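Residues in the sequence shown are numbered from 1 upward in steps of one, following the UniProt record's numbering.
See below for the structure under consideration.
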Amino acid sequence: MVGASGLVGRHVVERLRERRHDVTSVARTARDGVAHTLDATTATEAEFRALLAGHDGVVFAAGADDREVPRRPAYPVFHRGNVAPVVRLLTAAREEGLSRAVVLGSYYTHFHRLHPEWDLAGRHPYIRSRVEQARAGRAAAGPGLPVAVLELPFVFGRAGDRLPNWSGPLDKWVRSRSPLLAPPGGSAATTAAHVADIAVDALERASGEDIPVAAENLTWPDMIGRIAAAAGHPRPVRRLPGAVVRVALRLGGLAQRLTGKQSGLDPAHAGALLLRELFVTPVRPVSVDAAVAETFPRTGARA
Numbered sequence: 001m002v003g004a005s006g007l008v009g010r011h012v013v014e015r016l017r018e019r020r021h022d023v024t025s026v027a028r029t030a031r032d033g034v035a036h037t038l039d040a041t042t043a044t045e046a047e048f049r050a051l052l053a054g055h056d057g058v059v060f061a062a063g064a065d066d067r068e069v070p071r072r073p074a075y076p077v078f079h080r081g082n083v084a085p086v087v088r089l090l091t092a093a094r095e096e097g098l099s100r101a102v103v104l105g106s107y108y109t110h111f112h113r114l115h116p117e118w119d120l121a122g123r124h125p126y127i128r129s130r131v132e133q134a135r136a137g138r139a140a141a142g143p144g145l146p147v148a149v150l151e152l153p154f155v156f157g158r159a160g161d162r163l164p165n166w167s168g169p170l171d172k173w174v175r176s177r178s179p180l181l182a183p184p185g186g187s188a189a190t191t192a193a194h195v196a197d198i199a200v201d202a203l204e205r206a207s208g209e210d211i212p213v214a215a216e217n218l219t220w221p222d223m224i225g226r227i228a229a230a231a232g233h234p235r236p237v238r239r240l241p242g243a244v245v246r247v248a249l250r251l252g253g254l255a256q257r258l259t260g261k262q263s264g265l266d267p268a269h270a271g272a273l274l275l276r277e278l279f280v281t282p283v284r285p286v287s288v289d290a291a292v293a294e295t296f297p298r299t300g301a302r303a
């Protein structure tokens, strides 16, 4: 399990052990429960092979997320975090004779496949890296090693002190006196425990499929309202016109260009993406409310 100390990684390790699998946990930094420390972005095939020897399957739950804003051009940073490690890992897995693999990716690849006219990979470096991650990873694995790619949306939940890496600013906002504003559109959402269930099932079945993951579909006003209520600060969520969001994103993109930076989701085109209802039909629908409450606890205690 590569990325075993993360929010989803911890849940996957726990679920695998509940199903009586022997699990070797690997993460970039030493923590309780991590058997081996290894930075996947710099690990060589030989280092991966040494870890994979004697194993039957591997799960990759690491990589760069779409919030990073590196120097322009951004794609090499996302390639280094999302594509190159998966290629080396799955090459090593094939050479060690593993029979199954799971990669935790992004639901943007689902919409790239569903709506090629949106040109998501061409417009957004992060999405391009996720599309290439799946393609190049499977090419490296070869036909004898099925690779399931879980296409994840917003993930709520907690694992010890680990929370979603996007939750901090939202937590401060909903607890403040600032008005709650939300644009049109929305997103699929899931929980870390839900992802773990699907990941373990895909691993045990050696599925090799693209698996869009969703527990519920939430409009942005609904999501922000649920978060505020969970945190103990319920109040109305006002509608923010989509035109205002588009202008703000474009100004943000201009500021990035002036400073020589580029985000994973290009602000010039992000409005056309984020103002849509990025909904996914849940295969196993469940409520995310309990996981929202874990992520934004009423007491305000966030480890």
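Think of the CB as a built atom: it goes at the ideal place given N, C-alpha and C, for glycine as much as any other residue.
From a predicted model like this one, the values you see are computed outputs, not experimental measurements.
Pick from the options that is closest to residue i, judged by C-alpha positions
i, options, result
"Ala27", "Arg17, Thr42, Ser5", "Ser5"
"Gly33", "Arg49, Thr44, Glu14, Gln256", "Glu14"
"Arg67", "Phe60, Trp173, Val77", "Val77"
"Glu18", "His269, Trp118, Ala293, Asp201", "Asp201"
"Leu120", "Leu278, Ala291, Thr259, Arg284", "Leu278"
"Ala291", "Gly142, Glu209, Val131, Pro164", "Pro164"
"Ser178", "Pro234, Val83, Gly208, Lys261", "Pro234"
"Glu209", "Val147, Gly63, Val59, Thr281", "Val147"
"Val23", "Val58, Arg123, Leu38, Gly142", "Val58"
"Thr219", "Ala231, Gly232, Leu240", "Leu240"
"Gly232", "Ala272, Leu251, Thr295, Leu258", "Thr295"
"Phe60", "Arg20, Ser106, Ala46", "Ser106"
"Arg20", "Asp289, Asp266, Glu204, Gly271", "Glu204"
"Ile211", "Ala134, Met223, Val69", "Ala134"
"Ser167", "Leu145, Met223, Ala139", "Met223"
"Ala139", "Asn217, Gly252, Gly260, Ala92", "Ala92"
"residue 309", "Ala84, Ala46, Ile127", "Outside the shown range of the chain, which is 1 to 303, sits residue 309, and nothing can be said about it."
"Arg123", "Thr259, Asn82, Ala270", "Ala270"
"Thr299", "Arg49, Gly260, Ala50, Asp171", "Asp171"
"Gly252", "Phe48, Val69, Glu117", "Val69"
"Pro236", "Pro221, Ala243, Gly242", "Pro221"
Three-state secondary structure (DSSP) of residue i
i, result
"Gly57", "strand"
"Val2", "strand"
"Ser287", "coil"
"Leu278", "strand"
"Ala231", "coil"
"His124", "coil"
"residue 318", "Since the first and last residues shown for the chain are 1 and 303, residue 318 lies out of range."
"His115", "coil"
"Arg31", "coil"
"Ala303", "Note on Ala303: pLDDT 48, under 50, position unreliable in the model; the coordinate value appears next. Three-state DSSP puts Ala303 in coil, outside helix and strand."
"Ala139", "helix"
"Gly63", "coil"
"Glu14", "helix"
"Val292", "helix"
"Arg80", "helix"
"His21", "coil"
Supposed close pair residue i, residue j - CB separation, criterion 8 Å
i, j, result
"Leu104", "Ala206", "16 Å between Cβ atoms; not a contact."
"Arg238", "Leu274", "No, Arg238 and Leu274 are not in contact; Cβ-Cβ is about 17 Å, not under 8 Å."
"Thr44", "Arg88", "7 Å"
"Gln262", "Pro125", "7 Å"
"Ala215", "Pro297", "Actually they do not touch by this definition, with Cβ atoms about 19 Å apart."
"Leu150", "Val213", "5 Å"
"Glu96", "Leu38", "Between Leu38 and Glu96 the Cβ distance is about 15 Å, and since that is not below 8 Å, they are no contact."
"Arg250", "Ala268", "6 Å"
"Asn217", "Val283", "So it is not a contact: roughly 13 Å between Cβ atoms."
Residue i and residue j closer than 9 Å at C-beta
i, j, result
"Ala101", "Val8", "no"
"His55", "Leu90", "no"
"Ser25", "His11", "no"
"Thr109", "Val155", "no"
"Pro153", "Ser129", "no"
"Gly264", "Ala74", "yes"
"Ala248", "Val174", "no"
"Ala193", "Gly157", "yes"
"Thr41", "Arg80", "yes"
"Val2", "Ala64", "no"
"Pro143", "Val245", "no"
"Val131", "His115", "no"
"Gly137", "Arg276", "no"
"His230", "Asp289", "Reading the sequence as shown, one finds Ala at residue 230 and not His. The answer is yes: Cβ separation under 9 Å."
In DSSP terms, what residue i is bridged to
i, result
"Ile211", "Leu150"
"Arg162", "Ala159"
"Val237", "Leu180"
"Ala101", "Val58, Val147"
"Arg71", "Lys261"
"Val26", "Val2, His36"
"Leu218", "Ser187"
"Ser106", "Leu152"
CB contact below 9 Å: residue i versus chain D
i, result
"Glu96", "Given the protein chain composition of this structure (a single chain), no chain D is represented."
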